[in-house]
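*Asks:* In the numbering used here, the protein residues as written are -1 to 209. Take a look at this one; I'll ask things after.
This is the structure we're talking about:
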């Protein structure tokens, strides 16, 4: 029996995932978590074979939580689930130690197959992402795009700005203070050597960071 922990801050999503995975005889959903604290508490008290985690968590994003999980449970397979297209977050999640990345638009059978594959083969990536990983490996010595050097939270804020959101809206969506978001914005302008939100938006569009 494969024990799965589901981590998502939306109860309706957790219920849907539980129903999909629970329909498979070899899967057992042993727990649910809505934030980073609950994830760590559940992992410490339950026997978990696979963690299925949303990349957009309140307070701290899933990639940050993933790093904490791997410090304490380095061998635990973590499959990331997200509303964001692969182009936005998949590469960062895989680099942080995730064994796979699925969008929430994926069919139920793809989710089941992904869980089975990470347990049997160690990793699940779509054919498109496999090509990107191969291309990145081939270009490893040619330098990195600037945004690949941003912290996870800086990257979150960059995408939000690129979507046209203001500081207050970003603060609300990421569960951060307006002051903190303003600090991240200042860091982005400095690191990307830009002087306005318009320049950041143009950078996001030119680098195809939004779907």
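From the three backbone atoms N, C-alpha and C, an ideal C-beta is built for every residue, glycine too. Since the structure is predicted, the reported quantities are computational estimates derived from the model, not experimental observations.
Residue ranges of each beta strand (DSSP E) run of no fewer than 3 residues wholly in the segment 75 to 105, ordered along the chain?
*Replies:* As far as the segment 75 to 105 is concerned, its whole beta strand (DSSP E) runs of at least 3 residues are 76 to 80 and 98 to 101.
*Asks:* Take the Cβ of residue 75 as the centre, count every other Cβ of all protein chains shown within 10 Å, and call the residue buried at 16 or more, exposed below.
*Replies:* The residue in question, residue 75, is buried, as its Cβ has 16 or more Cβ neighbours within 10 Å.
*Asks:* Give the C-beta separation of residue 4 and residue 12 to the nearest angstrom, bearing in mind that I take them to be a contact with Cβ-Cβ under 8 Å.
*Replies:* Contact flag correct, Cβ pair sits at about 5 Å.
*Asks:* Which partner residues does residue 1 have in the DSSP bridge list?
*Replies:* For residue 1, which the question treats as bridged, DSSP gives the partners 26.
*Asks:* Short of 8 Å in beta carbon distance, which residues of its chain neighbour residue 178, apart from the five on each side in sequence? Order them along the chain.
*Replies:* 169.
*Asks:* Measure the alpha-carbon distance for residue 193 versus residue 183 and round it to whole angstroms.
*Replies:* Their Cα atoms are separated by approximately 10 Å.
*Asks:* List the whole-angstrom C-beta distance separating residue 77 from residue 50, where the pair is believed to meet the contact cut-off of C-beta under 8 Å.
*Replies:* Confirmed, about 5 Å.
*Asks:* How would you call residue 138, buried or exposed, if buried means at least 16 neighbouring beta carbons within 10 angstroms?
*Replies:* Its pLDDT being 48, under 50, residue 138 is placed unreliably by the model, and nothing is read from it.
*Asks:* Determine contact between the segment 115 to 125 and the segment 148 to 165, defined as no fewer than three beta-carbon pairs at a distance below 8 Å.
*Replies:* Touching, no, given that fewer than three Cβ pairs across the two stretches are closer than 8 Å.
*Asks:* Tell me which same chain residues have a C-beta within less than 6 Å of the C-beta of residue 56, skipping the five on either side of it?
*Replies:* For residue 56, where only same-chain residues beyond five positions count, the Cβ hits under 6 Å are 7, 33 and 173.
*Asks:* Measure the CB-CB distance between residue 116 and residue 48 and report whether it falls below 8 Å.
*Replies:* Yes; because the gap between Cβ atoms is below 8 Å, this pair is in contact.
*Asks:* Can you look up residue 49 in the DSSP assignment and give me helix, strand or coil?
*Replies:* Reduced to three states, the DSSP call for residue 49 is strand.
*Asks:* Is it right to say residue 141 is buried, meaning 16 or more other beta carbons lie within 10 angstroms of its own, or is it exposed?
*Replies:* Confidence at residue 141 is low in this model, with a pLDDT of 42, below 50, so the placement of that residue should be treated as unreliable; the coordinate-derived value is given next. Residue 141 is exposed by the Cβ-count criterion.
*Asks:* With distance defined between alpha-carbon atoms, name the residue in 16, 203 and 61 nearest to residue 109.
*Replies:* It is 16.
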